[in-house]
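To start, the structure under review is shown below, and the notes come after it.
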Amino acid sequence: MEKTVISLDCYFTEENQTTTVINDISAINSQKNPEQLQAAIKEAEIITTTVGPTVLPYLAENLVAVIELRANEQPSSLVIIACENMIGGSENLKEAVYPLLSDK
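Heads up: the sequence shown runs through residues 310 to 413, numbered per this note's numbering.
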């Protein structure tokens, strides 16, 4: 199982910019380890992406598979944040995911 645990500095762009260190973040390469990614998403409460704007549509397919599995097996909320170097990253990811979801 190839999983990397890292820490990241999170910058909040408020009036008084603050920085918070977030520890014990699991990182998985979705192209090399799609099964591991799906297993991790199944258990996650929060998902952030840092794959790059052009890769979001490809990541959407993996997200949809697990979102639908979670909805059937263990309905619970899931927060997904696209942390990409682009304006509207989360909206872009949403537009890639929603059309792939079933009507359930």
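A virtual CB, placed ideally from N, CA and C, is assigned to each residue, including glycine.
Just mark residue i as buried or exposed, buried being the case when its beta carbon has 16 or more other beta carbons within 10 Å.
i	result
serine 339	buried
isoleucine 355	exposed
glycine 398	buried
Given this structure, state the Cα-to-Cα distance separating residue i from residue j, to the nearest angstrom.
i	j	result
methionine 310	valine 330	Residue placement at methionine 310 cannot be trusted, given a pLDDT of 47 that sits under 50; what the coordinates show is reported in the next sentence. Roughly 26 Å separates the two Cα atoms.
asparagine 401	leucine 346	20 Å
Between the Cα of residue i and the Cα atoms of the options, which residue gives the shortest distance?
i	options	result
isoleucine 390	Ala380, Leu409, Leu368	Leu368
cysteine 392	Val373, Ser411, Thr357, Leu378	Thr357
lysine 403	Ser385, Ser411, Pro366	Pro366
methionine 395	Val360, Ile337, Ala348	Val360
valine 406	Glu352, Glu377, Val373, Pro362	Val373
Leaving out five residues on either side along the sequence, give the residues of the same chain with a beta carbon under 8 Å from the beta carbon of residue i.
i	result
serine 316	Val330, Ile331, Asn332, Asp333, Ile334
For the beta strand (DSSP E) that contains residue i, what are its first and last residues?
i	result
isoleucine 350	It is not in any beta strand (DSSP E) - isoleucine 350 instead sits in the alpha helix (DSSP H) that spans 343–352.
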